[in-house]
Amino acid sequence: MAAAFLRKLVEEHALDWNVDSAGLMAMEGAPMTEHAAQALARRQVPAEGHAAKRLTREMLREADLVLTMSRSHRQALVDVFPELAEKVHTLYAFAHEVPEDASQDVVDPFGGGEQEYEACAEHLADLVQRAFARLVRDAAGGAVEKGEGGDGASEQGD
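Sequential numbering of the sequence shown, starting at 1, is according to UniProt numbering.
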């Protein structure tokens, strides 16, 4: 869902940024869950054609920024790819501009009901809006040229 929120903002601002989503343990090709699709639709966020995919080494290397939903997913990536640590952040830490050790995980609603997906969508909408504002600000200053919104394993069934 996070990638869909970010993609919508990028399109609304006519930015030439690539936003992608992949999971550490994604079930390749799995569609978004019905609850996730409904939560996005209620917010007029397009999500048609979403199919889960597994994160690859190539995707990580090509990305300018990798945003994860949890500290454990970030740490797993940094453990395997320590050279990429500077561009891998939790969405929360990036959005709130706090150190990674002060980050909070986004609760994965997978397996939950409509209420869990609604709560997650509200939380993600806020975090993505904050992260987007930071990306735009950083891009204006030349720090970031392109935003890549990979959102960790949260998208495995969403």
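Every residue, glycine too, gets a C-beta built ideally from N, C-alpha and C.
* Asked: Between the segment 9 to 16 and the segment 78 to 89, do at least 3 Cβ pairs fall closer than 8 Å?
  -> In short, these stretches do not touch, since the Cβ pair count stays below three.
* Asked: Based on the DSSP secondary-structure assignment, which residues constitute the bridge partners of Ala51?
  -> Pro31
* Asked: Helix or strand or just coil, what does DSSP make of Leu127?
  -> helix
* Asked: What residue ranges within the segment 50 to 113 form continuous beta strand (DSSP E) runs of no fewer than 3 residues, ordered along the chain?
  -> Taken in chain order, the complete beta strand (DSSP E) segments of 3 or more residues contained in the segment 50 to 113 are 66 to 68 and 88 to 90.
* Apart from the five residues just before and just after Ala76, which ones in its own chain have a Cβ nearer than 7 Å to its Cβ? -> Once the five neighbours on either side are set aside, the close Cβ partners of Ala76 are Leu24.
* What does Gly23 pair with, by DSSP beta-bridge criteria? -> Arg54
* To do: Compute the beta-carbon to beta-carbon distance between Leu91 and Leu67, rounded to the nearest angstrom, for a pair I have assumed lies under 8 Å.
  => In this structure Leu91 is in contact with Leu67, their Cβ atoms being roughly 5 Å apart against a cut-off of 8 Å.
* Asked: If we count Cβ pairs, one from each stretch, closer than 8 Å, do we get three or more for the segment 126 to 145 versus the segment 42 to 57?
  -> no
* Asked: Mind checking Thr33: buried by the 16 CB within 10 Å criterion, or exposed?
  -> The residue in question, Thr33, is buried, as its Cβ has 16 or more Cβ neighbours within 10 Å.
* To do: For Asp101, count neighbouring Cβ atoms within 10 angstroms of its own Cβ and tell me buried if that reaches 16, exposed if not.
  => exposed
* To do: Specify the secondary structure class of residue 207 as computed by DSSP and reduced to three states.
  => A query on residue 207 cannot be resolved here, the shown segment of the chain reaching from 1 to 158 and no further.
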